[in-house]
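Residue numbers (my numbering), protein chains in the order written: chain A, 1 to 277; chain B, 1001 to 1124.
Ideal placement from N, C-alpha and C gives every residue a C-beta, glycine not left out.
Keep in mind it's a predicted model, so treat the numbers as computed, not measured.
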Amino acid sequence: MAAAHTVSTDVVFRVRRFDPTTDAAPHWEDYRFAAPAGMTVLEGLRHVKEALSPTLAWRSSCRMGVCGSCGMFINGRPRLACNTQIAELGGALVTIAPLPNFNTIRDLVPDLAPMFEAHAAAKPHIIRDNAAEQREPTGEYWQSPRQLEEYLQFSYCIKCGCCMAACPTYATDPEYAGPMPLAQGHRYNADSRDGGFAERKASLAGERGPWRCHFAGECSRVCPKGVDPARAIQLMKRQLVFDYLRLWKQPCPAPLAKSPAGVERREGIPDAPARTI
Amino acid sequence: MRDQRLWTWHIGAGAVILVLLGLHMTIMHLDAIVRVFSPQPGEPIAWANVVARGRSAFFLVTYVLLLGAALFHGFYGLRNILFELNPGTPAKKALNGFLLVAGVALFAVGTWAAWAGFTVARGA
């Protein structure tokens, strides 16, 4: 058992380097080291930075596949570096480049600003007509497990950008919003607590909308969280078609569940702490 | 919104083509099984059978509908493909205008031909 944990394999990390202050164009650099069993690509990059090339730059945070920071193009496929074991890549050479379809700020750091601008344009938040309740909530909204199932899968998105990097339409069409913003727009359209379909339609049903998706499915294939943005986009198309044909109407958003009257807190249970914002 | 409307019509036209082109294929190629649309002896494209169908207002209407649906579906698809080449706004407007005019013109010519065939068949 102890021997298995100490087994190391010689690997070569072929990393795309680019420093805009000194380089005219990106170039590849190789880093050879012994990778112990179970090492992830992110851990390998940290080893390269600590022992071989201190100037290497990338984004990472949680190192456990929930923050979406470390999306990279690893062996020809967009992946999370923290979620990718070197051993699963099946070879001694690991090529690492920044996510395609984005400009590169430096080394493995893509400029994700266009993606987040498109995301903001999709209004990815609950929209209701009661602004006072949104600011100062007085209760919860009713939602059945079946209603939750309608959008839960799409809420797993961690905004890593892997789907955008894999999308062949986003690669060539600057008008197309991309899988993540469209999938997140649908996530809120499908939420029974939301009443903002008409407001989102202004940005989602136009030229930047889902019409240019040809259902290649690459976005869903590379998504590390199983969001299936391709499915969300097709569901959005269907909803927009039914909306145009007047076969679908936005249902009333989920009602507020008021606390029952005359109920007292049990002895010994403390009050919630005061709000800090 | 315009893109929402055009996409819906595109899907609708596709559904119309599925049905009417299916009918056309049945008439032309399944005549061994379904003779009702080719009542005269011989091939479906034999003159007698062409005239027999040509006299029918049903076929006049269905072929004009198929023409319209195919033109819209095809030209909208072509427009989408060309727009994905990222032309500038003036080129997009020019393309929209050209496809609209070409589509309407072809529909007009095709409808005239169908009507002409209908009147000739009725007179035969």
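C-alpha of residue 1107/B to C-alpha of residue 242/A: approximately 28 angstroms in a straight line. No Cβ of chain B is located within less than 8 angstroms of the beta carbon of residue 182/A.
For residue 31/A, the enclosing beta strand (DSSP E) covers residues 27-36. In the DSSP secondary-structure assignment, residue 79/A is bridged to 72/A.
Residue 84/A and residue 275/A have their alpha carbons spaced roughly 40 angstroms apart. If the five residues before and after residue 217/A are omitted, its C-beta is found closer than 7 angstroms to the C-beta atoms of 230, all from its own chain and listed in chain order.
Taking the Cβ atoms as the reference, residue 72/A lies roughly 21 angstroms from residue 36/A, outside the contact range of under 8 angstroms. Rounded to the nearest whole angstrom, the C-alpha separation of residue 1008/B and residue 106/A is 43 angstroms. Residue 242/A carries a helical assignment under DSSP once its states are collapsed to helix, strand and coil. No Cβ-Cβ contact shorter than 8 angstroms links residue 256/A with residue 176/A. The alpha-carbon of residue 1015/B is positioned some 17 angstroms away from that of residue 1004/B. Beta-bridge analysis with DSSP links residue 141/A to 256/A. In the three-state scheme derived from DSSP, where H, G and I count as helix and E and B as strand, residue 110/A is classed as strand.
For residue 1040/B, no Cβ of chain A is located within less than 8 angstroms of the residue's own Cβ. The contact set of residue 170/A on chain B, defined by CB atoms closer than 7 angstroms, is empty, because the minimum CB distance reaches about 11 angstroms. The three-state secondary structure of residue 17/A, taken from DSSP, is strand. For the C-beta of residue 206/A, the chain B residues within less than 7 angstroms are, from N- to C-terminus, 1001, 1003. Residue-level contact check: residue 217/A does not touch chain B, since none of the beta carbons of chain B fall below 8 angstroms from its beta carbon.
Looking from the CA of residue 62/A, the closest CA among 43/A, 222/A, 18/A belongs to 43/A.
Taking 8 angstroms as the threshold, the shortest C-beta distance from residue 235/A to chain B does not fall below it. Ranked by Cα distance from residue 161/A, the first of 94/A, 208/A, 227/A is 227/A.
Around the beta carbon of residue 1066/B, 16 or more other beta carbons lie within 10 angstroms, which makes this residue buried.
Counting along the chain, residue 1095/B sits inside the alpha helix (DSSP H) bounded by residues 1089-1123. Judged by DSSP in its simplified three-state form, residue 153/A adopts helix. Judged by DSSP secondary structure, residue 1051/B falls within the alpha helix (DSSP H) whose first and last residues are 1047-1054. Here the alpha carbon of residue 13/A sits roughly 29 angstroms from the alpha carbon of residue 172/A. About 5 angstroms separates the CB atoms of residue 80/A and residue 70/A; that is less than 8 angstroms, so the two are in contact. Judged by DSSP secondary structure, residue 1078/B falls within the alpha helix (DSSP H) whose first and last residues are 1057-1083. Residues of chain B whose Cβ lies closer than 7 angstroms to the Cβ of residue 211/A are, in chain order, 1003, 1007. For chain B, none of the residues of the stretch 186-197 of chain A brings a beta carbon within less than 8 angstroms of one of its beta carbons. Not one beta carbon of chain A lies nearer than 8 angstroms to the beta carbon of residue 1096/B.
Shown here for residue 65/A: same chain residues with a beta carbon closer than 7 angstroms to its own, the five before and five after excluded, namely 80, 82, 83, 224 in chain order. The Cβ atoms of residue 199/A and residue 123/A lie closer than 8 angstroms to each other.
For the pair of segments examined, the stretch 149-165 of chain A was found not to touch the stretch 129-141 of chain A: the number of CB pairs separated by less than 8 angstroms stays below three. Using a Cβ-Cβ cut-off of 8 angstroms, residue 271/A does not count as an interface residue toward chain B, since no Cβ of chain B sits closer than that to its own.
Pairing residue 115/A with residue 186/A gives a Cβ-Cβ distance that is not under 8 angstroms.
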